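Heads up, the sequence shown is in numbering that gives the first Met the number 0, so the first residue is 0 and it goes up one at a time.
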Amino acid sequence: MQEGLHNQQRVIKELGYKPIIETKSNAVHIFMEIDNERVLLEDNQGKFVGKDGTYSFSYKELIEEMERSPERFSNNVVTRPLMQEYVFPTLAFIGGPGELAYWSELQQVFHTIGFRMPPVVPRITITYIERDIATDLHDLQLQESDPFFNNVDKLRENWLSNQIEEPIDERFVEAKKEIIDIHKSLQQFVKKIDPGLSAFAGKNEFKINEQIELLERMLKRNVEKKHEVELNKFRRIQFALRPLGAPQERVWNVCYYLNQFGLDFVDRVMEKPFSWNGKHHVIKL
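Here it is as structure tokens:
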């Protein structure tokens with residue numbers, strides 16, 4: 000099973016994705032309850048050990064204990080889907096983004112034990128856009144899909160950059176480089192005339208650089224203040240559509256929508272014509 004997992008993770012990496020299941024090479028993927036504690040078992044030269052060798056069982060002892068007290072054993076993230084398919088075979092597994100990510104690493108694990116992995120189908124995902132947020136999107140000339148496929152902070156930065164003729168960061172980087180070059184030459188001149196002032200000249204360069212950075216911060220602050228109304232719209236969009244940088248379903252509670260739009264909110268949503276096409280759904284409220 001472990002070999003099947005590693006082989007599938009290798010395939011995932013070759014496709015340009017990063018595996019999310021982390022296991023040791025000697026993992027057995029089974030927990031055993033010992034002294035009221037859930038202990039993960041590992042393979043150690045044919046022995047099944049837990050807690051760095053504190054507990055040790057032979058294959059025969061482990062099988063006998065499983066037959067005697069099956070309730071003491073439980074699955075980990077790798078074997079749970081296998082147990083699920085063994086106990087409750089399904090036509091398809093419907094899961095969210097996180098579940099799809101780790102199920103994609105299990106195909107060869109299923110094959111290793113002679114199981115056929117069921118089709119994995121993305122579940123329906125929804126983002127609700129309230130009227131005021133839709134207005135903000137329109138005012139900023141953003142597509143409804145932009146906050147879902149792009150980082151809102153990045154959208155905000157790009158928008159702000161487009162309001163300025165010349166990028167602030169680039170201009171100040173150039174200025175710092177030019178001033179450093181000039182000051183290095185000046186320091187060499189000072190050292191040649193009076194070596195005792197070399198340290199002071201170095202501090203002088205540091206203070207000049209500090210003042211340039213202060214000027215840069217003040218300029219950015221004033222630019223943001225000038226466009227405060229628009230930037231607040233970005234913040235509202237971020238807070239409403241990607242709270243804490245996550246999908247709404249991971250943060251917002253349904254009670255908010257029930258209070259805001261009525262107790263029949265869920266029933267009205269269910270009347271929408273959804274398609275199982277793997278695409279994200281946007282509902283305007």
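Ideal Cβ positions, reconstructed from N, Cα and C, are used throughout, including at glycine. Quick caveat, the model's predicted, so the values are computed rather than measured.
**Report entry** Under the three-state DSSP convention, the category residue 159 falls into
**Finding:** helix
Query raised in the report: So, using beta-carbon positions, are residue 178 and residue 284 closer together than 8 Å?
Result: no
Query raised in the report: In terms of residue numbering, what span does the alpha helix (DSSP H) encompassing residue 16 cover?
Result: First-last for residue 16: undefined, no H or E at that position.
Report task. Give the DSSP-derived three-state secondary structure of residue 214 in the structure shown. Result -> Looking at residue 214 - three-state DSSP - the assignment turns out to be helix.
Query raised in the report: Ordered along the chain, which non-local residues of its own chain (more than five positions away) have a Cβ less than 6 Å from that of residue 33?
Result: Excluding residues within five positions, the ones whose Cβ falls inside 6 Å are 54.
**Report entry** Distance between residue 4 and residue 215 (C-alpha atoms, nearest Å)
**Finding:** 51 Å
Report task. Whole angstroms is fine: what's the gap from residue 260's alpha carbon to residue 93's? Result -> 28 Å
Query raised in the report: Helix or strand or just coil, what does DSSP make of residue 135?
Result: helix
Requested in this report: Taking only runs that begin and end inside the stretch 171-251, name each unbroken alpha helix (DSSP H) of 4 or more residues, in chain order.
Outcome: You should have 197-225 and 227-240.
Query - Segment contact, 8 Å Cβ cut-off, at least three pairs: the stretch 205-219 with the stretch 161-181 - result: yes
Query raised in the report: Counting only runs that start and end within the stretch 82-134, where is the beta strand (DSSP E) found for 3 or more residues in a row?
Result: 92-94, 119-121 and 125-128
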